[in-house]
Amino acid sequence: MRAMVYRGPYRVRVEEKDRPRIEHPNDAIVRVTLAAICGSDLHLYHGLMPDTRVGMTFGHEFIGVVEEVGGSVQSVKPGDRVMVPFNISCGSCFYCARGMLANCHNVNPNATAVGGIYGYSHTTGGYDGGQAEYVRVPFADVGPTLIPDWMHDEDAVLLTDATATGYFGAQLGDIREGDVVVVFGAGPVGLVAAQSAWLMGAGRVIVVDHLDYRLEKARTFAHAETVDFTEHDDVVVHLKRITDHLGADVAIDAVGAEADGNLRQHVAAAKLKLQGGSAVALNWAIDSVRKGATISVMGAYGPIPNSVKFGDAMNKGLTLRMNQCPVKRQWPRLFEHVRNGHLTPRDLVTHRIPLEHIAEGYHIFSSKLDECIKPLVVPNAA
Ligand SMILES: NC(=O)c1ccc[n+]([C@@H]2O[C@H](COP(=O)([O-])OP(=O)(O)OC[C@H]3O[C@@H](n4cnc5c(N)ncnc54)[C@H](O)[C@@H]3O)[C@@H](O)[C@H]2O)c1
Ligand SMILES: [Zn+2]
Ligand SMILES: [Zn+2]
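Position in the sequence shown (first residue = 1) + 3 = our numbering.
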């Protein structure tokens, strides 16, 4: 089959690979009909995630058709159209039983922290992902779900990660009626978090980024106020100024460890590798919220430590909440929100790239060219 393959930092290409096979009675093989590139894939693409092995196929946001199932699979059968959460979960361990589907203890030999994720390095189990014609889906009775007839494929694929994560980001913000919510990052995750914040009663939603076209999207898609951090000497002071000098009630970090905006941090992280990325956006969140605020961290940080202003967070009495999104737990609510038009995932899609051209897709998305917000990948076999 044809599959995206990692060759080293900033180098991906499409290669011929063996078609995945059923390795366990709980497995299914899914023929991918649509995949996406996520902001998280960029951390791998940039060589920032430890143990990202050459030869791995990325892709944790995908939908497809069940091709084959193992002997014990009961809830899906060949021919079913399914959406597959980015988390791989066993469904029955201590964590899965408590709904912590992103922290399953049975699917990742390194499972002290995160559980299993498709195509996301050996730190999350070393599973090949869905930017390919076929993918092996373990625990097929747990994750994959039939795509409802009324649901558009492009909504379904974004519900397997970006939309679920943005919504989860707003949920972890514990937003109360009338709250001022600041979202750092106007990528797909931040845009959905901003859109979702209104559903949870926000009184004001402010999105911070430095890419004009994405801030424009924050205004039209999420009806948010916007702040371009490059227009202010100190974006924290500006955010204080526009929030009664107290600060926002809730901040959502939808940037993660590759934040721009602080040269010193950038050099320490990206150039000298002194820390596992730059926590600038998280530190801006800690500085700009009011005392007693809640910060929800959706941006990805790897296992290597970062310089986070923990003392300030402590002394301000902040609540920090975070995790990888337990995607499937969000679906019942999200299906309703998509069905009634409160959430509009497919409005984020800017590019539809044939699998054969995926290298170009990574380049465009990584360099934020051509007003790219969300690139989808269309496999050949579809
Ligand atoms: N927790 C989860 O389950 C989960 C799931 C999906 C994605 N993620 C993470 O969420 C983050 C966002 O994902 P995405 O797909 O939207 O990525 P993206 O790369 O498209 O968006 C990131 C945005 O942040 C902006 N940005 C950079 N530095 C900033 C700063 N200092 N302040 C404000 N904005 C800044 C960039 O310009 C960009 O628009 C990534 O770190 C990704 O790994 C986490
Ligand atoms: Zn993702
Ligand atoms: Zn489990």
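All C-beta atoms, glycine included, are put in the ideal place defined by N, C-alpha and C.
For alanine 282, the shortest separation between its Cβ and any heavy atom of ligand 1 does not lie below 7 Å. Secondary structure at tyrosine 304: coil, using DSSP grouped into helix, strand and coil. Classified as exposed, leucine 149 has fewer than 16 neighbouring CB atoms from the shown chains inside 10 Å of its CB.
Of Val140, Ala189, Gly67 and Val87, the smallest CA-CA separation from proline 28 is found for Val140. Straight-line spacing of the CA atoms in glutamate 18 and valine 57 works out to 12 Å. The three-state secondary structure of valine 85, taken from DSSP, is strand. The C-beta distance from methionine 301 to isoleucine 255 rounds to 6 Å, short enough to meet the 8 Å contact threshold.
Here asparagine 111 is buried: its Cβ has 16 or more other Cβ atoms, across all protein chains shown, within 10 Å. With fewer than three CB-CB distances shorter than 8 Å, the segment 60-78 does not count as touching the segment 307-314. The beta carbon of asparagine 383 sits closer than 8 Å to the beta carbons of Arg5, Glu136, Pro357, Leu358 and Glu359 from its chain, once the five residues preceding and following it are set aside; these are given in chain order.
With respect to cysteine 96, asparagine 113 sits apart: the two C-beta atoms are not nearer than 8 Å. DSSP places asparagine 106 in the helix class (H, G or I) of the three-state scheme. DSSP, read as helix, strand or coil, puts methionine 325 in strand.
Taking non-hydrogen atoms of ligand 1 into account, the C-beta of arginine 222 is found less than 7 Å away from none of them. Short note on glutamine 327: C-beta closer than 7 Å to some heavy atom of ligand 1. Annotation for phenylalanine 187: the continuous beta strand (DSSP E) segment containing it runs 183-187.
DSSP, read as helix, strand or coil, puts leucine 175 in helix. Annotation: the continuous beta strand (DSSP E) that includes proline 378 extends over 377-381. With fewer than 16 neighbouring CB atoms inside 10 Å of its own CB, methionine 317 falls in the exposed class.
Between the alpha carbons of alanine 105 and methionine 52 lies a gap of roughly 18 Å. In the displayed model, serine 75 falls within coil according to three-state DSSP, outside both helix and strand. Taking 7 Å as the cut-off, one finds no heavy atom of ligand 3 near enough to the beta carbon of histidine 27. Proximity of the segment 195-210 to the segment 42-51 falls short of the contact definition, fewer than three beta-carbon pairs being nearer than 8 Å. For the pair alanine 189 and isoleucine 66, the CB atoms are not nearer than the 8 Å cut-off.
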